[in-house]
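Protein chains in written order, with my numbering: chain A, 1142 to 1386; chain B, 1142 to 1386.
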C-alpha cells in the first residue's frame, strides 16, 4: 500500500488549530495542486475566496451556525461554483448564454468538490488539518453578500486549514461492501452489515463523550433525511442565476 | 513541497490502458481510501457500482458518447449519489422522508465527488491512470436501467482505472490569481491573465494535433455555456426522486 493511501485513510476533521501561520508559498502550492484536479469539459468552474479579514471571518463563523474555528484557523476559504467567468465570454463572442441548466450546476459543483479535495490532500500531506464548512449554506445569501459574489457564482462550502492542535480519532465508515456494488445496485446483505456498523458508530460516540448511549449511524442520517434541509437553497440558487431547467 | 503535492500536480486523464489487471486487494484499498474522504453530516451518500460485465461496459461506452476506454480499462465504476440507503431508515424509525430537497442533492453530489477524488489520488499514487466519464449523463436513464438504480440514487459520473499505455502532457490550468480571490469576488486583472492563458491553451492543442490553429479556453467554454447542456437532466433527476425543492 502506498504512503499516499495511508495518508488518505488517516483523514479526520480538525476543529482546533495552533497559531502557526501557513507560508504564502505553501498556501499557493496547495491551491495549484487543487487546480490540477480533473475538470468537466475543461470548464474550470471553481473560484476560491480566501478570507483573512477578522471581521468577515467572525461573521461567517456565526452565519455557519457558530463554528469558531472559521475565525481562528490559519486560513479560511470559501469554495464557489463559478459559471460567470466562462459565461463572460459568451457575450464577448456574440453567443447566447444558456449556462443555467441543471447540468451546468452539476458540472460546476463537481468541479469545485474535486478541486477542494485535492487541496485537502495536499494540505494533509504536509501536516495540516482541515475542516469542511458546509454550514455556510445555512445563510448562503449573507455569505454571498459578504464575499460580493455576482450572479453565476454560488458558495458551495468553506474550508478551514491550519496546523492541528488536537488529534481526534478517525471516524469509522460504512463497510466497503455496503458502498461498493458489483454490476448492479443490490441491497441484499446491507441491513445486517449496517446493523453491525451502527454498533461501531455508537461505540465511537460513547468513547468520545465518555459514556452515554451513543447514537447510531442510521439514527443520525434518518433524522437528516426526515427534516426540511436548508429549504432556502432552491430560491437562493435561482436568485444567483442557477435555474434548474 | 511534498511528493504528494507533486503527484497531484502531475495529473492528466488517461484514455489508453495496458491489459494489466488491478489486484482485488489494491482495488478494495482504493475504495477504502475513497471512503475516508469527508462526508457532509456523516451521510456517506455515495454508492459505487463496479462494472465488469463486458456487454454492460460496451453499452455504457456507447451511451457515454462513444468512449471505448470505458470498455477496455482494467476497471470501470459508476459513482452514484445515494439518498436511498439512509432514507430506508426513515421508514424503519417511523419518520417522514423529506430527503428530496435541493440541499440534499448538493450534499450527496459533493459527497460522491470527494470520495471519487480520493480514489483517483490513491490510484495515481500507485501508478494507475484514470479518466472521469461525465458522458454517462448523456443518457442517465439508460445507464440507471443497466445498473438497476432505484429512486433516490443517480449516476453522477463514471471512472476508468488502469495502468497507462500513454503519457500525455499535463493540461495547463488557469493562472492561480484568476481562481484564487482575496476577501471578495473581484475580476479586475482577469481579462488580461485569461488572454495570456488562451494563448497557452492554443499552443497546447497545436502541439497535440501537430499543427492547426488550436482552440483557446474562452472559445471552448463559451461554447459549452451557449448551448443547451443535457437538458434532460432535470426531468431525469425528478423521476429519480430528486425534487429540487
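Beta carbons are placed, not taken as given, at the ideal position from N, Cα and C, and that holds for glycine. Predicted, not measured: the structure shown is a model, and the values here were computed from it.
Chain B within 9 Å of residue i, Cβ atoms only
{"i": "residue 1360 of chain A", "result": "yes"}
{"i": "residue 1177 of chain A", "result": "yes"}
{"i": "residue 1228 of chain A", "result": "yes"}
{"i": "residue 1245 of chain A", "result": "yes"}
{"i": "residue 1284 of chain A", "result": "no"}
{"i": "residue 1204 of chain A", "result": "no"}
{"i": "residue 1386 of chain A", "result": "yes"}
{"i": "residue 1201 of chain A", "result": "no"}
{"i": "residue 1158 of chain A", "result": "no"}
{"i": "residue 1170 of chain A", "result": "yes"}
{"i": "residue 1289 of chain A", "result": "yes"}
{"i": "residue 1333 of chain A", "result": "no"}
{"i": "residue 1341 of chain A", "result": "no"}
{"i": "residue 1344 of chain A", "result": "no"}
Proximity test, Cβ basis, 9 Å: residue i and chain A
{"i": "residue 1375 of chain B", "result": "yes"}
{"i": "residue 1210 of chain B", "result": "no"}
{"i": "residue 1143 of chain B", "result": "yes"}
{"i": "residue 1213 of chain B", "result": "no"}
{"i": "residue 1237 of chain B", "result": "yes"}
{"i": "residue 1328 of chain B", "result": "yes"}
{"i": "residue 1181 of chain B", "result": "yes"}
{"i": "residue 1162 of chain B", "result": "no"}
{"i": "residue 1372 of chain B", "result": "yes"}
{"i": "residue 1278 of chain B", "result": "yes"}
Burial state of residue i, where buried means 16 or more other Cβ atoms lie within 10 Å
{"i": "residue 1327 of chain A", "result": "exposed"}
{"i": "residue 1207 of chain B", "result": "exposed"}
{"i": "residue 1245 of chain A", "result": "buried"}
{"i": "residue 1332 of chain B", "result": "exposed"}
{"i": "residue 1235 of chain A", "result": "exposed"}
{"i": "residue 1243 of chain A", "result": "buried"}
{"i": "residue 1381 of chain A", "result": "buried"}
{"i": "residue 1143 of chain B", "result": "buried"}
{"i": "residue 1337 of chain A", "result": "exposed"}
Pair within 9 Å by beta-carbon distance, residue i and residue j
{"i": "residue 1268 of chain B", "j": "residue 1181 of chain A", "result": "no"}
{"i": "residue 1335 of chain B", "j": "residue 1359 of chain B", "result": "yes"}
{"i": "residue 1346 of chain B", "j": "residue 1179 of chain A", "result": "no"}
{"i": "residue 1198 of chain A", "j": "residue 1211 of chain A", "result": "yes"}
{"i": "residue 1265 of chain A", "j": "residue 1148 of chain A", "result": "yes"}
{"i": "residue 1353 of chain A", "j": "residue 1342 of chain A", "result": "no"}
{"i": "residue 1158 of chain A", "j": "residue 1205 of chain A", "result": "no"}
{"i": "residue 1297 of chain A", "j": "residue 1262 of chain A", "result": "no"}
{"i": "residue 1368 of chain B", "j": "residue 1239 of chain A", "result": "yes"}
{"i": "residue 1217 of chain A", "j": "residue 1301 of chain A", "result": "yes"}
{"i": "residue 1299 of chain B", "j": "residue 1163 of chain B", "result": "no"}
{"i": "residue 1293 of chain A", "j": "residue 1200 of chain A", "result": "no"}
{"i": "residue 1177 of chain B", "j": "residue 1357 of chain A", "result": "no"}
{"i": "residue 1252 of chain B", "j": "residue 1146 of chain A", "result": "no"}
{"i": "residue 1318 of chain B", "j": "residue 1193 of chain A", "result": "no"}
Distance between residue j and residue i (C-alpha atoms, nearest Å)
{"i": "residue 1387 of chain A", "j": "residue 1166 of chain A", "result": "Nothing about residue 1387 of chain A can be read from this structure; chain A reaches only from 1142 to 1386."}
{"i": "residue 1321 of chain A", "j": "residue 1306 of chain A", "result": "34 Å"}
{"i": "residue 1329 of chain B", "j": "residue 1315 of chain B", "result": "15 Å"}
{"i": "residue 1202 of chain B", "j": "residue 1247 of chain A", "result": "21 Å"}
{"i": "residue 1175 of chain A", "j": "residue 1295 of chain B", "result": "26 Å"}
{"i": "residue 1350 of chain A", "j": "residue 1187 of chain A", "result": "38 Å"}
{"i": "residue 1375 of chain B", "j": "residue 1282 of chain B", "result": "12 Å"}
{"i": "residue 1348 of chain A", "j": "residue 1219 of chain A", "result": "33 Å"}
{"i": "residue 1308 of chain B", "j": "residue 1270 of chain B", "result": "10 Å"}
{"i": "residue 1254 of chain B", "j": "residue 1386 of chain A", "result": "22 Å"}
{"i": "residue 1184 of chain A", "j": "residue 1325 of chain B", "result": "21 Å"}
{"i": "residue 1237 of chain A", "j": "residue 1231 of chain A", "result": "6 Å"}
{"i": "residue 1241 of chain B", "j": "residue 1284 of chain B", "result": "21 Å"}
{"i": "residue 1362 of chain A", "j": "residue 1339 of chain A", "result": "11 Å"}
{"i": "residue 1287 of chain A", "j": "residue 1229 of chain B", "result": "39 Å"}
{"i": "residue 1156 of chain B", "j": "residue 1258 of chain B", "result": "17 Å"}
{"i": "residue 1153 of chain A", "j": "residue 1173 of chain A", "result": "23 Å"}
{"i": "residue 1260 of chain A", "j": "residue 1277 of chain B", "result": "27 Å"}
{"i": "residue 1223 of chain B", "j": "residue 1378 of chain B", "result": "12 Å"}
{"i": "residue 1209 of chain A", "j": "residue 1161 of chain A", "result": "17 Å"}
Bridge partner(s) assigned by DSSP for residue i
{"i": "residue 1228 of chain B", "result": "Answer is none; residue 1228 of chain B lacks a bridge partner."}
{"i": "residue 1188 of chain A", "result": "A:1221"}
{"i": "residue 1372 of chain A", "result": "None, per the DSSP bridge assignment."}
{"i": "residue 1294 of chain A", "result": "A:1223"}
{"i": "residue 1216 of chain B", "result": "B:1302"}
{"i": "residue 1158 of chain B", "result": "B:1305"}
{"i": "residue 1366 of chain B", "result": "Looking at the DSSP assignment, residue 1366 of chain B forms no beta bridge with any residue, so it has no partner."}
{"i": "residue 1321 of chain A", "result": "B:1189"}
{"i": "residue 1274 of chain A", "result": "A:1299"}
Minimum Cβ-Cβ distance from residue i to chain E less than 9 Å
{"i": "residue 1324 of chain A", "result": "Protein chains A and B are contained in the structure displayed, whereas chain E is not."}
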